[in-house]
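Each residue of the sequence shown is one higher than the one before, counting from 2 in the numbering used here. Cβ atoms here follow ideal geometry from the backbone N, Cα and C, with glycine treated the same way.
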Amino acid sequence: FGVIAKIIASTNFETAGKTACVLAKADIFTNQLADFLKTFKLNVITAKTEDKNWIDKTRLADILITAVGQPEFIRTEMIKKDSLIIDIGISQNSLHETVGDVDLQDVQTKVGLITPVPGGVGPMTVALALHNVLQCYLKKLKV
Numbered sequence: 002f003g004v005i006a007k008i009i010a011s012t013n014f015e016t017a018g019k020t021a022c023v024l025a026k027a028d029i030f031t032n033q034l035a036d037f038l039k040t041f042k043l044n045v046i047t048a049k050t051e052d053k054n055w056i057d058k059t060r061l062a063d064i065l066i067t068a069v070g071q072p073e074f075i076r077t078e079m080i081k082k083d084s085l086i087i088d089i090g091i092s093q094n095s096l097h098e099t100v101g102d103v104d105l106q107d108v109q110t111k112v113g114l115i116t117p118v119p120g121g122v123g124p125m126t127v128a129l130a131l132h133n134v135l136q137c138y139l140k141k142l143k144v
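The following block contains the structure:
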């Protein structure tokens, strides 16, 4: 979850008292991420697309983290104005293009900040992994 922490921190988004929603397929992901997000003093709600009221939950979110793996599934009517969206989902649309869970074209005028797919969370994950490897190496050298 370090990548998510880095993304939130890089935005200077004030998290205290705000609401975050984790929309994902797996309970293990939503529950662990929800616990982690509480360290940012966020009110955290979780949702699955099978829930009857999941759209109500995403509309409340100042920060929406989505990992459902459905191409361009999240649209403007499902999000809160000026929200921060971290799109972890990755899949292919009908044109065989790599896309995320969020329809970037549709939400662009309503969203505050969003991580694109491709080019968002994935490269940040690689960069953070390389950073961690370097830190381990420097620690071993006692530099």
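Sequence-distant residues of the same chain with beta carbon closer than 8 Å to residue i, five excluded per side
{"i": "Q71", "result": "T50, G90, S92, D102"}
{"i": "V4", "result": "V122, M125, T126, L129"}
{"i": "N32", "result": "T47"}
{"i": "G120", "result": "none"}
Cβ-Cβ separation, residue j to residue i (assumed contact under 8 Å), whole Å
{"i": "K81", "j": "D63", "result": "6 Å"}
{"i": "T12", "j": "L114", "result": "6 Å"}
{"i": "I8", "j": "T16", "result": "About 12 Å; that fails the 8 Å criterion."}
{"i": "L105", "j": "P117", "result": "6 Å"}
For residue i, three-class secondary structure by DSSP
{"i": "V127", "result": "helix"}
{"i": "V4", "result": "helix"}
{"i": "S11", "result": "helix"}
{"i": "L105", "result": "helix"}
{"i": "I56", "result": "helix"}
{"i": "Q136", "result": "helix"}
{"i": "T77", "result": "helix"}
{"i": "V122", "result": "helix"}
{"i": "L96", "result": "coil"}
Other residues of its chain near residue i: CB distance less than 7 Å, five sequence neighbours each side excluded
{"i": "K58", "result": "C22, I46, A48"}
{"i": "T77", "result": "D107, V108, K111"}
{"i": "F74", "result": "D102"}
Beta carbon of residue i nearer than 8 Å to that of residue j
{"i": "F37", "j": "A68", "result": "no"}
{"i": "L34", "j": "F14", "result": "no"}
{"i": "W55", "j": "L24", "result": "yes"}
Beta-carbon proximity list for residue i, same chain, < 6 Å, skipping 5 on both sides
{"i": "L43", "result": "T16, K19, A21"}
{"i": "R60", "result": "K81"}
{"i": "E98", "result": "none"}
Query raised in the report: Enumerated in chain order, which unbroken segments of the beta strand (DSSP E) with a length of 3 residues or greater are wholly contained in the stretch 22 to 50?
Result: 44 to 48
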